[in-house]
Each structure stands twice: as C-alpha cells, then as structure tokens.
Amino acid sequence: MRQIPFHRPLIGPEEEAEVIDTLRSGWITTGPKVKRFEREFAEYVGARRALAVAHCTGALHLALFALGIGPGDEVITTPFTFTATAEVMGYLGARPVFVDIDPITLNIDPNQVEQALSSGAHRRVKALMPVHFAGHPCDMDRLGAIASRHGIRIIEDAAHAVGAARTIEGRGMVKIGTIGDLTCFSFYATKNITAAEGGMITTEDDALADRIAVASLHGMDRDAWKRYDASGSWYYEIHDTGFKYNLSDVHAAIGIVQLKRSDDFMRRRASIAQSYNQSFQSDPALEAPQTEAQIEHAWHLYVLKLRLDRLRIDRARFVELLRERGVGTSVHCIPLHTMHFYRDRYGYRPGDFPIAEEVFSRCLSLPIYPAMSAEDISYVAETVLDLSREHRR
C-alpha cells in the first residue's frame with residue numbers, strides 16, 4: 036500500500052552544500068549567513084527591514100514587545116489558529132480578544148473585528164493580529180481601515196503565508212510582509228520554505244526594527260556577535276529588556292537556499308491544489324477550499340471540508356480511515372477558546388465562536404507539498420473520493 040506522509044520537506048544538494056560551507060567556515064551561530072538571509076528575504080517580500088529570529092513564536096512575542104503591549108492590554112485575533120498566536124500575548128500580561136472567522140476564507144472576519152472595537156466591551160485593545168490562515172491572505176484593506184479608524188496597530192501572523200500576496204488599494208498586488216506594522220513568518224519544518232526552525236519579522240519602521248534587533252539577543256547591541264570575530268570588540272552594552280531569540284547561521288544557510296526556491300514551491304503547491312479541486316468539485320459530500328480573486332494563495336494547507344449531513348461517519352473517523360489507507364492527514368485548527376487553558380485563564384467557552392467550531396468539526400488537511408509525485412496526488416484524491424462514496428448517506 037502506498038504511504039503518503041502529511042508533509043515531507045524538499046531538501047536538496049544546494050541546501051546541503053550551503054550548510055557544509057557554514058560548518059566549515061568556523062562560524063555557526065548568528066553571523067554573516069543570518070545577515071544575508073535577512074537582506075534577501077527583505078528583497079523578496081519588498082520590505083525595508085527583515086529580522087531573523089529563532090522561530091515565529093519568538094517573532095510574534097518580539098513584535099508585541101516592540102509595540103509596547105503590556106499588562107492589561109488587549110489584542111484582537113482569531114481563535115482558529117495555533118496556540119502560538121495567542122499564547123505570546125500572555126507572555127506580556129496581555130489578553131487575547133477572539134472574534135469569529137469568515138466561513139469561506141477561514142480568516143478573521145473584519146465585520147466581527149469592527150463589532151468588537153465598537154461595542155465598548157474592549158477598551159484596552161492596542162493591536163490586531165490577523166492570521167493568514169492556510170496561506171490565504173486576509174482582507175488587509177478592510178482590516179487596515181478598521182485599525183486606522185480605531186488607532187490600533189497591526190501585527191500579521193504570516194506563519195502560513197511566505198510568498199502570498201493580495202491586491203491593496205493604491206498599490207496593486209503586494210506580497211504579504213509590507214502591509215501591517217509588523218509581519219511575522221515561520222520557517223518551521225512543515226512550512227512552505229524551511230530552515231528546520233526559524234522565523235522572520237518584516238517592517239517598514241526603523242524604530243520598531245531597531246528595538247526588535249536589540250531585544251532578540253539579550254538586549255545587546257545588534258552586532259554584539261562580532262565580539263568573537265577578529266574585527267569586533269570584546270565590549271558590549273545592554274540597551275533594553277532582552278530575550279534569546281537569535282537564529283543561527285546553520286539554520287540561515289538552509290533558509291537562504293529555500294528562499295531561492297520559494298516561487299517554484301508556490302507554483303507546485305498551487306498546481307496540487309488545483310488538481311485536488313478538480314477531483315473533488317463534483318462530489319456532493321466534499322467542499323473544496325475557495326479563494327478570492329484578488330489574492331495569490333500560498334497553499335501552506337489544503338483544508339477540505341466534509342459535508343457531514345451527506346456522510347454516515349464523522350470527521351474523526353474519516354481521518355482514521357485515510358490513515359489506514361496510507362494517507363497522512365492533520366486537522367487545522369482546534370479553536371483556541373475550546374481549550375482548557377483559554378477557558379480557565381480568560382473565561383472563554385465552547386459556543387462563543389460558532390463558525391470556527393462548525394468549520395473545525397468537519398475540516399481536515401490533506402498532504403500538499405512540492406515533493407509529492409503525480410502518483411501521490413492521484414492516490415490521495417482517489418482515496419478521499421473512495422471513502423466519500425463508501426460512506427455516503
């Protein structure tokens with residue numbers, strides 16, 4: 036039986052050579068490769084500044100820190116995301132204010148954001164953190180207008196969205212990374228491009244970038260790593276509260292090569308998504324993802340929704356049967372407000388965000404990555420269709 040893992044990174048000889056070059060250079064921690072990765076990533080997304088960090092969780096934490104988010108402050112975000120989005124708010128004593136999602140894009144609903152800000156119930160909102168879920172860019176024109184009207188800042192969680200783009204009024208098609216005040220990306224092992232681990236923050240604001248640069252390495256001068264180099268000084272100064280979020284040159288070496296391949300990877304992911312869509316479009320028990328016309332989807336995830344009223348099994352059983360037939364799957368995402376931590380700490384309850392809960396009850400994520408062969412793609416689609424037919428009401 037064919038075995039299709041949910042994800043497999045595409046790492047080749049060029050990545051291996053860049054890592055070996057780094058190891059042989061004698062410099063493996065934060066250094067020249069990180070600088071190069073930052074420079075090339077900024078050029079790729081069109082940003083003024085890019086700052087590499089250890090992971091996207093750290094990027095989100097640093098972004099909030101740079102904006103001065105602190106105890107008692109509130110940040111609006113979606114419950115339909117991985118916990119990192121909201122947990123970093125707690126690091127600073129802030130509270131996540133969840134609002135429901137759009138049932139089509141699965142992104143935060145701008146109408147719900149406006150309602151939360153206008154209701155008077157949340158008077159300490161300092162920022163909005165939209166998540167470009169699965170790689171589908173949020174409606175940044177509307178969210179930007181709302182944020183501007185209410186005097187709050189925007190931190191984009193773009194963990195799923197390297198390479199994604201959307202039409203912005205007056206600017207045309209713009210890559211994610213230059214729209215909000217700060218944008219945070221992930222290079223985790225399963226992401227569209229990987230550095231094994233890693234994250235990046237982009238911004239047009241030099242003051243924010245400079246604060247993040249210092250805070251990411253214990254509050255030291257940004258170039259304090261040079262103290263171990265022949266050209267550097269042993270002396271360093273502490274300028275601000277700091278954390279340990281620096282990226283190593285070993286990780287950056289992988290990221291540099293992966294970034295060169297990003298557009299090819301995106302095209303391959305889009306091709307796989309199109310193939311799945313064509314396969315599932317006529318099945319009455321399956322609902323393929325829909326995309327807006329004015330975007331370029333990164334296709335980090337392919338989220339298929341089941342029409343449970345037309346099936347005799349639930350989503351959990353469907354996933355179990357796929358795995359029994361060799362198709363690796365996952366589920367994205369368990370709504371945060373239903374989890375015990377968020378219920379106990381912030382008072383959220385199941386039922387608070389019905390659209391997120393309804394989508395979660397019937398969605399699953401299928402394999403979608405450049406290393407998949409044509410035979411892999413066909414096998415996944417055929418297996419899904421077989422199960423749908425076998426368990427149709």
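Each residue of the sequence shown is one higher than the one before, starting from 36 at the first, in our numbering.
From the three backbone atoms N, C-alpha and C, an ideal C-beta is built for every residue, glycine too.
Residue i versus residue j - alpha carbon distance
i    : j    : result
I400 : T229 : It is Ser, not Ile, that sits at residue 400 in the sequence shown. If I take the Cα positions, the gap works out to 19 Å.
G320 : A250 : First, the residue type needs correcting, since residue 320 is Ala and not Gly in the sequence shown. Approximately 50 Å, taken between the alpha carbons.
Y311 : G363 : 15 Å
C32  : S221 : Residue 32 cannot be examined here, being either before or after the span of the chain that is shown, 36 to 428.
F168 : S268 : 44 Å
F353 : H42  : 19 Å
A193 : P40  : 24 Å
E322 : L339 : 6 Å
T140 : H274 : 42 Å
R427 : T276 : 58 Å
G382 : F388 : 13 Å
R206 : D421 : 45 Å
S154 : V132 : 13 Å
I104 : A119 : 16 Å
L357 : T225 : 20 Å
P405 : D108 : 41 Å
P324 : R74  : 34 Å
A287 : Q293 : 10 Å
I330 : A196 : 12 Å
F115 : M124 : 16 Å
A180 : M208 : 18 Å
R159 : Q313 : 46 Å
E122 : V110 : 11 Å
R347 : S396 : 14 Å
K161 : A151 : 13 Å
Where residue i falls: helix, strand or coil (DSSP)
i    : result
R302 : helix
L341 : strand
C219 : strand
M407 : coil
V482 : There is simply no residue 482 to check, as the chain begins at 36 and stops at 428 in what is shown.
V419 : helix
A87  : strand
E355 : helix
S268 : coil
L401 : strand
S297 : helix
V80  : helix
R188 : strand
V285 : helix
M255 : strand
E73  : helix
S365 : strand
L346 : strand
K226 : coil
R424 : helix
E331 : strand
I214 : coil
I46  : coil
Exposed unless 16 or more other CB atoms sit within 10 angstroms - verdict on residue i
i    : result
I289 : buried
R304 : buried
K279 : exposed
S183 : exposed
F376 : exposed
S317 : exposed
S423 : buried
G386 : exposed
D135 : buried
L95  : buried
P48  : exposed
Y270 : exposed
R384 : exposed
L58  : exposed
P106 : exposed
N142 : buried
A50  : Reading off the sequence shown, one finds Glu at residue 50, where the question assumed Ala. Flag for E50 reads buried.
N281 : buried
E191 : buried
G234 : buried
Range of the contiguous alpha helix (DSSP H) that encloses residue i
i    : result
D202 : Position check: residue 202 holds Thr in this sequence, whereas Asp was assumed. Not the alpha helix (DSSP H): T202 falls in the beta strand (DSSP E), residues 200-203.
A194 : Where A194 is concerned, there is no enclosing alpha helix (DSSP H), given that its DSSP letter is neither H nor E.
A94  : 91-101
G207 : No alpha helix (DSSP H) contains G207, which is instead part of the beta strand (DSSP E) from 207-210.
F376 : 375-381
Residue-level contact to chain D via CB, residue i, 9 Å cutoff
i    : result
I330 : Among the chains in the structure shown there is no chain D, since it carries only a single protein chain.
Extent of the continuous beta strand (DSSP E) to which residue i belongs
i    : result
A248 : Where A248 is concerned, there is no enclosing beta strand (DSSP E), although the alpha helix (DSSP H) it sits in stretches over 241-250.
E236 : Note that residue 236 is Ile in the sequence shown, not Glu. Its beta strand (DSSP E) spans residues 234-238.
R397 : R397 -> not in any beta strand (DSSP E); alpha helix (DSSP H) instead, spanning 389-397.
Output the residue ranges of the alpha helix (DSSP H) runs that lie fully inside the region 105-173 and measure 4 residues or longer, sorted by chain position. The region 105-173 is shown to contain whole alpha helix (DSSP H) runs of 4 or more residues at 119-126, 145-153, in chain order.
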